[in-house]
Amino acid sequence: MGSITLKQVRKAFGDVEVIPGVDLQINDGEFVVFVGPSGCGKSTLLRLIAGLEDVSSGQILIDGQDMTQAAPSRRKLAMVFQSYALYPHMSVRKNIAFPLKMAGMDAAQQEARVKHAAGILNLTDYLDRRPGQLSGGQRQRVAIGRAIVREPSAFLFDEPLSNLDAALRVNMRVEISELHKKLATTMVYVTHDQVEAMTMADKIVVLRAGRVEQVGSPLELYRTPANRFVAGFIGSPNMNFIEGEPAARLGAHAIGVRPEHFAMSTTEGLLAGTVGVAEHLGSDTFLHIDLDNGSHIVARAAGEFPVHHGDRIFLTPQEGRVYRFDQNGLAL
Amino acid sequence: MATQHQRTLARFMVAPSVLLLLGWMIVPLAMTLWFSFQSYNLLSPGMEQFIGFTNYRYFLSDPAFWQAMANTLLIVGGVLVITVGGGILLALLLDQPIRGQGMVRILMIAPFFIMPTVSALVWKNMFMNPVNGLFAWMAKAVGAQPIDFLAQYPLMSIILIVAWQWLPFATLILLTAMQSLDSEQMEAAEMDGAGAWAKFTHLVLPHLSRAITVVILIETIFLLSVFAEILVTTNGGPGYASTNLTYLVYSQALLQYDVGGASAGGIIAVILANIVAIFLMRMIGKTLE
Amino acid sequence: MARRVSETRRWTFTILAWLVALAIFFPILWTILTSFKSEADAIASPPKFLFFDWTTENYAEVQSRSPYFRHFMNSVIISVGSTLLGLLIAIPAAWSMAFQPAKRTKDLLMWMLSTKMMPAAGVLIPMYLMFRSFGLLDTRIGITVVLMLINLPIITWMLYTYFREIPGEILEAARMDGASLSKEIIHVLTPMAVPGIASTLLLNVILAWNEAFWTLNLTTSKAAPLTTFIASYSSPEGLFYAKLSAASTMAIAPILILGWFSQKQLVRGLTFGAVK
Chain A
1 MGSITLKQVR KAFGDVEVIP GVDLQINDGE FVVFVGPSGC GKSTLLRLIA
51 GLEDVSSGQI LIDGQDMTQA APSRRKLAMV FQSYALYPHM SVRKNIAFPL
101 KMAGMDAAQQ EARVKHAAGI LNLTDYLDRR PGQLSGGQRQ RVAIGRAIVR
151 EPSAFLFDEP LSNLDAALRV NMRVEISELH KKLATTMVYV THDQVEAMTM
201 ADKIVVLRAG RVEQVGSPLE LYRTPANRFV AGFIGSPNMN FIEGEPAARL
251 GAHAIGVRPE HFAMSTTEGL LAGTVGVAEH LGSDTFLHID LDNGSHIVAR
301 AAGEFPVHHG DRIFLTPQEG RVYRFDQNGL AL
Chain B
333 MATQHQRTLA RFMVAPSVLL LLGWMIVPLA MTLWFSFQSY NLLSPGMEQF
383 IGFTNYRYFL SDPAFWQAMA NTLLIVGGVL VITVGGGILL ALLLDQPIRG
433 QGMVRILMIA PFFIMPTVSA LVWKNMFMNP VNGLFAWMAK AVGAQPIDFL
483 AQYPLMSIIL IVAWQWLPFA TLILLTAMQS LDSEQMEAAE MDGAGAWAKF
533 THLVLPHLSR AITVVILIET IFLLSVFAEI LVTTNGGPGY ASTNLTYLVY
583 SQALLQYDVG GASAGGIIAV ILANIVAIFL MRMIGKTLE
Chain C
622 MARRVSETRR WTFTILAWLV ALAIFFPILW TILTSFKSEA DAIASPPKFL
672 FFDWTTENYA EVQSRSPYFR HFMNSVIISV GSTLLGLLIA IPAAWSMAFQ
722 PAKRTKDLLM WMLSTKMMPA AGVLIPMYLM FRSFGLLDTR IGITVVLMLI
772 NLPIITWMLY TYFREIPGEI LEAARMDGAS LSKEIIHVLT PMAVPGIAST
822 LLLNVILAWN EAFWTLNLTT SKAAPLTTFI ASYSSPEGLF YAKLSAASTM
872 AIAPILILGW FSQKQLVRGL TFGAVK
């Protein structure tokens, strides 16, 4: 079991309110991602759940029990830190066994669990090394190993991949997703990277300035963003926003179109512009276009779309793929 | 960034050291202040009485005090100039590719570990002695008249002895700082056409400013109260030529038993140190951020 | 071509550096050499560098004429004792300042350091009188406490810089892993802090060993450490160079060796981590 419920959770550091009051339901077995720009309070929210910070007011329930005041060790949660936080003076084996040792488990049982976890994470050959002798990806796996041996009711991940290089990040992303499928334990995962959020989450919680902007599955957020912030944050490259005359024609303050939702032509279309930079990636071509009305947009074209710097181009947003926003940025 | 419980515990754990230091600072200082307004001589017990600022007046009008004050500043200033200047030169030298650098470092750092009484005695007798000292022999060897260092140039001799003890410390810290200078930065400067001198003034010196501040701060703390070197070599003499404030207070109190007068001197020393300290703390506060 | 130039350069600097290093080290070397000479050889003119009759009689004589060993033990007890006492008080303080910093932590550290700037002369008299009335003059316990107090700011600050380098996340990880505060300190913090504590200990033993204001003023014979013992050679024994050298060599040898072992930590420790 591993359901987590936040009721009006508020956190202030002195006079500064970081989390103004959050209600959230995390169901058992769910993979929930907190995503938002840096400083949005996502890590603080995770640390509140972990018990590493006191809540200023509100309640945290874990499996229906009030854990608001409980010490971190009593919440049956495991955490994987951004810096891995491995104990440098202990071998990999001892690192993974540490929570079991703290729980007073007997040595044979500890060893069995460590072996099992090491098997899952491909760490069997490294058990006697020190963390300092491991690569970034291996350290990350040790940190995860230390979390899974406890069989916690939920895992907390605090930007676990941000210290890895790009290729490794993709691998680990897949490994963590597979681990979730295998263990079917609740995972709460904090990241600033919307790609990680989209690819891993069952449920994404978009945060800005401590407030929950929207909660939903990746595709819900992609299809029906509640406001301009979520629309701009989810999806890569970012959604284009056009204000002024074209928006007014649709009865909105601003309209948004994703780069992948334009029909492109060199002869005719709704919006006219000039190609600035054309990024040919092979599979796709991203065009940076200066529209005649002064706005700058990015559009995705097919892989071998034959345009170059300075070419004239015409764009037409696809039917039903235009998002309209009012003065306050809310979706219409 | 933590829970309330931990914060309370933390305050509780800082308390002993803060209270101890507070007591160590306030109790004796208050007593010194009290004594400084008393006529109090250990040779005539029971005769203590309040005499206002007389001790201060006496102390401030005593030419020995002003000389001690000047000597204190001369010792601090002189040693700082020698050790920082010499330290930079030595650090530059040691920063070059040298064979046996480890051994060179070990030889150079050694004087820092020598207790002040030993170094003062060794210098006084075996080097600066006008009859049997090595310097005297060297002078005679080139046909010159041996110099009686401690009689003729007492303050300078003490500055030299103290500087010898502190030069290794300055060198080692400046060398460590110098080695952390980014070599790409130096290469970039070379590509930009900077010569050796330009590299030194524009890159090395600014990079060292933090280390130099640290050296000045730590040395000043210790140099303001140089004592053993004076006690062992010159006893502050001849006259008051090598007496600093610390030594003056010591001789007033424990050699002349004038507790009142010595206390007034002590308070003046504290005020002087505070002026220097405020100045230094400003400086260090800025660089250590 | 370029290679040969750098090779000459290398040798020039090597020779220069060795000359300077030997010059700086010379007084110590000379003291050690003289300690093995007869008194006549010690003041011979021209001086004898290596070719003299080596003898250890000075050491025997210093030992027999004065209780060198007692002063040595006093030095050990006072310097190690004051350092251990200081660590006992400073470790909890440094721990909480490093891991639970408050708004005023930096100011508090600055203030601690500033107490170190208070000239000893300012408090010499009350300390002397208090020591006299409590019967602490010339006792090991008295001088140990004083040395602990004067080194406490440095001990605290050094530990603080070492502790601060231990990432806080590791302690949080231990907390998440179910460690109580005491287990957190025993299993995680202490092993990681041991190198820092060790070098703090080493350095403060050196500082306390060489401290020569309070030891000279508050001890005379019974509790006198080596600093005071050597000062008694000021006159007239100072004229017996060989014996003076033997006594000096014995006084500095232990700490010189300790110091050479800890020279790397010395820089980091004494600069409060400001110079890496």
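Protein sequence lines, in the order shown, are assigned to chains A, B and C. Following our numbering, the numbering of the first sequence begins with 1 at its first residue and continues without gaps. Following our numbering, the numbering of the second sequence begins with 333 at its first residue and continues without gaps. Following our numbering, the numbering of the third sequence begins with 622 at its first residue and continues without gaps. The beta carbon of each residue, even a glycine, is placed where N, CA and C say it ideally should be.
When you compare only the Cα positions, how much space is there between residue i and residue j?
i: Ile308 of chain B; j: Met510 of chain B; result: What the structure shows of chain B is the stretch from 333 to 621, and residue 308 of chain B is not part of that stretch, so it cannot be assessed.
i: Val298 of chain A; j: Ile234 of chain A; result: 15 Å
i: Leu758 of chain C; j: Ser687 of chain C; result: 21 Å
i: Leu52 of chain A; j: Ser853 of chain C; result: 60 Å
i: Gly216 of chain A; j: Val195 of chain A; result: 15 Å
i: Val450 of chain B; j: Gly384 of chain B; result: 42 Å
i: Ala442 of chain B; j: Trp651 of chain C; result: 13 Å
i: Glu213 of chain A; j: Val809 of chain C; result: 39 Å
i: Gln370 of chain B; j: Val591 of chain B; result: 8 Å
i: Glu268 of chain A; j: Glu279 of chain A; result: 22 Å
i: Ser56 of chain A; j: Ala70 of chain A; result: 14 Å
i: Met79 of chain A; j: Val815 of chain C; result: 26 Å
i: Met333 of chain B; j: Ser557 of chain B; result: Because the pLDDT at Met333 of chain B is just 44, under 50, the model does not fix this residue reliably, and the value given afterwards should be weighed accordingly. Their backbone Cα atoms lie some 41 Å apart in a straight line.
i: Phe397 of chain B; j: Tyr579 of chain B; result: 11 Å
i: Val142 of chain A; j: Leu123 of chain A; result: 8 Å
i: Asp311 of chain A; j: Val275 of chain A; result: 5 Å
i: Pro448 of chain B; j: Ala147 of chain A; result: 56 Å
i: Gln59 of chain A; j: Leu161 of chain A; result: 30 Å
i: Met748 of chain C; j: Pro360 of chain B; result: 7 Å
Please report the Cβ distance between residue i and residue j, rounded to the nearest whole angstrom; I am assuming they are in contact, meaning their Cβ atoms lie under 8 Å.
i: Val411 of chain B; j: Ala495 of chain B; result: 5 Å
i: Leu77 of chain A; j: Pro152 of chain A; result: 5 Å
i: Gly547 of chain B; j: Ile505 of chain B; result: For the record, residue 547 of chain B in the displayed sequence is Val; it is not Gly. Sure, about 6 Å apart at Cβ, within 8 Å.
i: Leu352 of chain B; j: Leu770 of chain C; result: 7 Å
i: Ile653 of chain C; j: Thr821 of chain C; result: In fact, because the Cβ distance is near 29 Å, the residues do not count as touching under 8 Å.
i: Ser83 of chain A; j: Glu793 of chain C; result: 10 Å between Cβ atoms; not a contact.
Is the shortest distance between the beta-carbon of residue i and the beta-carbons of chain A less than 8 Å?
i: Glu786 of chain C; result: no
i: Lys804 of chain C; result: yes
i: Asp728 of chain C; result: no
i: Pro812 of chain C; result: yes
i: Val766 of chain C; result: no
i: Leu887 of chain C; result: no
i: Arg624 of chain C; result: In this predicted model, Arg624 of chain C has a pLDDT of only 45, less than 50, meaning its place in the structure is not dependable; the value taken from the coordinates is given anyway. By this cut-off, Arg624 of chain C is not an interface position.
i: Arg796 of chain C; result: yes
So which residues of chain E does residue i contact, with C-beta pairs closer than 8 Å?
i: Met345 of chain B; result: Of the chains in the structure shown, none is chain E; the protein chains are A, B and C.
When the cut-off is 8 Å and only beta carbons count, does residue i lie next to chain C?
i: Pro160 of chain A; result: no
i: His89 of chain A; result: yes
i: Pro348 of chain B; result: yes
i: Thr386 of chain B; result: no
i: Ser73 of chain A; result: yes
i: Val536 of chain B; result: no
i: Ser595 of chain B; result: yes
i: Ile562 of chain B; result: no
i: Ser135 of chain A; result: no
Does at least one heavy atom of the ligand FMN sit under 7 Å from the Cβ of residue i?
i: Met460 of chain B; result: Among the components modelled here there is no ligand, and therefore nothing to report on the ligand FMN.
Say whether chain B places a C-beta atom closer than 8 Å to the C-beta of residue i.
i: Ile680 of chain C; result: A quick correction: the sequence has Tyr, not Ile, at residue 680 of chain C. Taking Cβ atoms only, chain B never reaches closer than 8 Å to Tyr680 of chain C, which makes this a no.
Using 8 Å as the threshold, is the region 195-207 of chain A in touch with the region 27-46 of chain A, meaning 3 or more CB pairs across them?
-> yes
Would you call the region 223-240 of chain A and the region 249-265 of chain A touching, i.e. three or more CB-CB distances under 8 Å?
-> Short answer: they touch.
Within the chosen definition, does the region 1-8 of chain A reach the region 129-137 of chain A through at least 3 CB pairs nearer than 8 Å?
-> no
For the region 427-449 of chain B, which residues have a CB atom closer than 9 Å to at least one CB atom of chain C, in sequence order?
-> Gln428, Pro429, Ile430, Arg431, Gly432, Gln433, Met435, Val436, Arg437, Ile438, Leu439, Met440, Ile441, Ala442, Pro443, Phe444, Phe445, Ile446, Met447, Pro448, Thr449
With 9 Å as the limit, tell me which residues of the region 305-325 of chain A have their beta carbon closer than that to any beta carbon of chain C; keep them in chain order.
-> none
Can at least three beta-carbon pairs, one atom from the region 786-804 of chain C and one from the region 734-746 of chain C, be found at a separation below 8 Å?
-> no
Residues of the region 38-65 of chain A with a CB closer than 7 Å to any CB of chain C: list them in chain order, please.
-> Ala50, Leu52
Could you list the residues in the region 736-769 of chain C with a C-beta less than 8 Å from some C-beta on chain B, going in chain order?
-> Thr736, Lys737, Met738, Met739, Pro740, Ala741, Ala742, Gly743, Val744, Leu745, Ile746, Pro747, Met748, Tyr749, Leu750, Met751
Is there contact between the region 634-642 of chain C and the region 421-432 of chain B, where contact requires at least three CB pairs shorter than 8 Å?
-> yes
Quick check: the region 595-611 of chain B against the region 485-492 of chain B, are there 3 or more CB pairs under 8 Å?
-> no
Is the region 359-375 of chain B touching the region 530-543 of chain B, taking contact as three or more C-beta pairs under 8 Å?
-> The region 359-375 of chain B vs the region 530-543 of chain B: no contact.
Chain C contacts from the region 447-468 of chain B (Cβ-Cβ distance under 9 Å) = Met447, Pro448, Thr449, Val450, Ser451, Ala452, Leu453, Val454, Trp455, Lys456, Asn457, Met458, Phe459, Asn461, Val463, Asn464, Leu466, Ala468
Counting pairs of beta carbons, one from the region 766-785 of chain C and one from the region 716-735 of chain C, are three or more of them closer than 8 Å?
-> yes
Closer than 7 Å, Cβ to Cβ, to anything on chain C: give me those residues from the region 98-123 of chain A, in chain order.
-> Phe98, Pro99, Met102, Ala103
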